[in-house]
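Notes follow the structure.
Numbering (the numbering used here), first residue to last: 4 to 400.
The following block contains the structure:
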């Protein structure tokens, strides 16, 4: 479970910025919170803000971190990572870029919080660390710390320490090496990131039914829920199936107009919205099965406001989300800025200043000159459009 994600000196984020999924003491929708030990976490966070503010950059940063831990740049021959620092300040062009997470493991009976991160400069890893905190304490203790290619502090056994020291390179993380070497005390880092899923704005065009898993195809209950979703915006859809004999071709059954007959239509002939919704469902299915994190960029692209709202309500329902998966969306759809579906600490804003530097803040962080925060019964969308919360295009300020 993701507790917090932080970045520094990555693209438009010059200073450290973080999205925190720890629940505040706010009381709305408390029944949807994820409880693990003494920690209360949010099942969903939604990022709002104008175009080019940096919302998609947060998506890209978390995906980059996931790809790095997964060894993507090691597995693909000729592919390497390249630092993308803040370019509008010459000082930061020569400084390291930092990625950091706080997370919990589902199968950790001690409900500990782990702090893992790394820093890169140019095309080299210059630092990496792992710290852990017991639920009964406030302080973290070091598990390992790395500078360059030297593992100089760790509580690992001598044998594990030496194996890691002998394998890590400028472009290999200890988190990746630990999985390769099957060092059980560190494999949880890799496993946490492997549960992450990502959906870009163009997911509907990138989707291939050949990639559908057997678990997804055989889950009749989930396919039934999918059908219910499709019928909320197209009542003519009466059936849905995946033909295993035709390269997993996805077929929708439609009721013919003015008759009792029906016809099957392949997914590629359906609307953009139908294609995008179906493309999202395998990823949703996976994180619901594993308790992972799904990050969707521009969820509103091609989808009606009411459908996005239905998604949010469904994904925060514990009867549907039993494994306590988490979801992060970016959107320009102000209609989702509503106390009907989101807590104040689940609403995040991304804005860019006149120097091109982005920052993130939660609706729960905003206070007036008297230190009074945003009330839960306010009209969030109305006040946002009026410029009360910031993070609006210059034309509205």
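Even glycine gets a Cβ: it sits at the ideal position worked out from N, Cα and C.
In this text, all values refer to a predicted model and were calculated from it rather than measured experimentally.
Give the straight-line distance between the Cα atoms of residue 142 and residue 136, rounded to the nearest whole angstrom.
-> On the chain shown, position 139 is the one that residue 142 refers to. On the chain shown, position 133 is the one that residue 136 refers to. Between residue 142 and residue 136, the C-alpha separation is close to 6 Å.
For residue 162, I'd like the list of residues in its chain whose CB is within less than 7 Å of its CB, leaving aside the five on either flank, ordered along the chain.
-> Here residue 162 is taken as the residue at index 159 of the chain shown, counted from 1. Same-chain partners within the cutoff: there are none.
Which of helix, strand or coil does DSSP assign to residue 261?
-> The residue given as residue 261 occupies position 258 in the chain shown. Reduced to three states, the DSSP call for residue 261 is coil.
Find the nearest neighbour of residue 341 within the set 126, 44 and 378, judged by alpha-carbon distance.
-> Residue 341 sits at position 338 when you count from the first residue of the chain shown. The option with the nearest alpha carbon to residue 341 is 378.
Straight-line gap, residue 401 to residue 117 (C-alpha atoms, nearest Å) = The structure shown has nothing for residue 401, since the chain only spans 4 to 400.
Give the straight-line distance between the Cα atoms of residue 203 and residue 210, rounded to the nearest whole angstrom.
-> The sequence position of residue 203 within the chain shown is 200, counting from 1. The sequence position of residue 210 within the chain shown is 207, counting from 1. C-alpha separation (whole angstroms): 11 Å.
Return the chain-ordered list of same chain residues with a C-beta closer than 6 Å to the C-beta of residue 122, the five sequence neighbours on each side being excluded.
-> Locating residue 122 in the chain shown gives position 119, where the first residue counts as 1. 99, 101, 129 and 130, listed in sequence order.
Rounded to a whole number of angstroms, what is the C-alpha to C-alpha distance between residue 124 and residue 73?
-> Here the question's residue 124 lines up with position 121 in the chain shown. Here the question's residue 73 lines up with position 70 in the chain shown. Taking the straight line joining both Cα atoms gives about 19 Å.
Between 389, 387, 176 and 367, which lies nearest to residue 30 when the distance is taken from Cα to Cα?
-> As a position in the chain shown, residue 30 is number 27, starting the count at 1. Closest by alpha carbon: 367.
Every unbroken beta strand (DSSP E) inside the stretch 166-212 [3 residues or more] = 200-202
Could you tell me whether the stretch 53-65 touches the stretch 27-45, where touching means 3 or more Cβ pairs closer than 8 Å?
-> no
Between the C-alpha atoms of residue 397 and residue 86, what's the straight-line distance to the nearest angstrom?
-> Here residue 397 is taken as the residue at index 394 of the chain shown, counted from 1. Here residue 86 is taken as the residue at index 83 of the chain shown, counted from 1. Rounded to whole angstroms, residue 397 to residue 86 spans 30 Å at the Cα level.
Under 8 Å between the Cβ atoms of residue 350 and residue 365?
-> Locating residue 350 in the chain shown gives position 347, where the first residue counts as 1. Locating residue 365 in the chain shown gives position 362, where the first residue counts as 1. Their beta carbons are under 8 Å apart, which means residue 350 touches residue 365 by this criterion.
What are the complete beta strand (DSSP E) segments, minimum 3 residues, inside the stretch 13-90?
-> 20-23, 37-39, 42-44 and 47-51
Ranges of the alpha helix (DSSP H) found wholly within the stretch 373-399, counting only runs of at least 4 = 383-388
For the beta strand (DSSP E) containing residue 150, list its first residue and its last residue.
-> In the chain shown, the residue the question calls residue 150 occupies position 147. 144-150 is the extent of the beta strand (DSSP E) around residue 150.
Taking only runs that begin and end inside the stretch 254-298, name each unbroken alpha helix (DSSP H) of 4 or more residues, in chain order.
-> 275-293
Helix, strand or coil: how does DSSP classify residue 1 here?
-> Any answer about residue 1 is impossible in this case: the structure gives the chain only from 4 up to 400.
Determine the direct distance from the alpha carbon of residue 165 to that of residue 155, and round the result to whole angstroms.
-> Here residue 155 refers to the residue found at position 152 of the chain shown. Here residue 165 refers to the residue found at position 162 of the chain shown. For residue 155 and residue 165, the distance between alpha carbons rounds to 11 Å.
Can you name the start and end residues of the beta strand (DSSP E) that residue 242 belongs to?
-> Residue numbering aside, residue 242 sits at position 239 when the chain shown is read from its first letter. Run containing residue 242: 240-246, per the beta strand (DSSP E) assignment.
The beta strand (DSSP E) with residue 131 in it runs from where to where?
-> Sequence index remark: in the chain shown, residue 131 carries index 128 (1-based). Counting along the chain, the beta strand (DSSP E) containing residue 131 begins and ends at 127-136.
Within 10 angstroms of its Cβ, does residue 224 collect 16 or more other Cβ (buried), or is it exposed?
-> Translated into the one-based positions of the chain shown, residue 224 becomes position 221. By the 10 Å Cβ count, residue 224 comes out exposed.
DSSP-derived helix/strand/coil call for residue 367 | Here residue 367 refers to the residue found at position 364 of the chain shown. In this structure, residue 367 counts as helix in the three-state DSSP scheme.
Could you give the distance in angstroms between the alpha-carbon of residue 92 and the alpha-carbon of residue 56?
-> In the chain shown, residue 92 corresponds to position 89, counting from 1. In the chain shown, residue 56 corresponds to position 53, counting from 1. Taking the straight line from one Cα to the other gives about 17 Å.
By how many angstroms is the C-alpha of residue 168 removed from the C-alpha of residue 346?
-> Working through the chain shown from its first residue, we reach residue 346 at position 343. Working through the chain shown from its first residue, we reach residue 168 at position 165. In a straight line, the C-alpha of residue 346 is about 45 Å away from that of residue 168.
Within 10 angstroms of the Cβ of residue 107, are there 16 or more other Cβ atoms? Answer buried if so, exposed if not.
-> Locating residue 107 in the chain shown gives position 104, counting from the first residue. With 16 or more Cβ atoms within 10 Å of its Cβ, residue 107 is classed as buried.
In angstroms with no decimal places, state the Cα-to-Cα distance between residue 173 and residue 152.
-> Here residue 173 is taken as the residue at index 170 of the chain shown, counted from 1. Here residue 152 is taken as the residue at index 149 of the chain shown, counted from 1. Going from the Cα of residue 173 to the Cα of residue 152 covers about 6 Å.
What residue does the alpha helix (DSSP H) around residue 97 start on, and which one ends it?
-> Within the chain shown, residue 97 is the residue found at index 94, counting from 1. Counting along the chain, residue 97 falls outside any alpha helix (DSSP H), and DSSP gives it neither H nor E.
Could you tell me which uninterrupted beta strand (DSSP E) segments, each at least 3 residues in length, are contained entirely in the stretch 295-348, listed from first to last along the chain?
-> 296-299 and 329-333
Using a threshold of 8 Å, state whether the C-beta atoms of residue 146 and residue 8 are closer than that.
-> One-based indexing of the chain shown puts residue 146 at position 143. One-based indexing of the chain shown puts residue 8 at position 5. Contact flag unset, no.
Give the single residue among 113, 344 and 14 whose Cα lies nearest to the Cα of residue 42.
-> What you label residue 42 is simply residue 39 of the chain shown in a count that begins at 1. When only C-alpha atoms are compared, the closest one is 113.
Residue 117 - DSSP class collapsed to helix/strand/coil = In the chain shown, counting from the first residue as 1, residue 117 sits at position 114. It is a strand residue.
Which residues in the same chain as residue 357 place their Cβ atom closer than 7 Å to its Cβ, once the five residues preceding and following it in sequence are excluded?
-> In the chain shown, the residue the question calls residue 357 occupies position 354. Excluding residues within five positions, none has a Cβ falling inside 7 Å.
Is the CB of residue 284 under 8 Å away from at least one CB in chain B?
-> Absent from the structure: chain B. Only one protein chain is present.
Name the one or two DSSP bridge partners that residue 6 has.
-> Translated into positions along the chain shown, residue 6 becomes position 3. In the DSSP output, where bridge partners are listed per residue, residue 6 has none listed.
How big is the Cα-Cα spacing for residue 109 and residue 34?
-> What you label residue 109 is simply residue 106 of the chain shown in a count that begins at 1. What you label residue 34 is simply residue 31 of the chain shown in a count that begins at 1. Roughly 19 Å between the two C-alpha positions.
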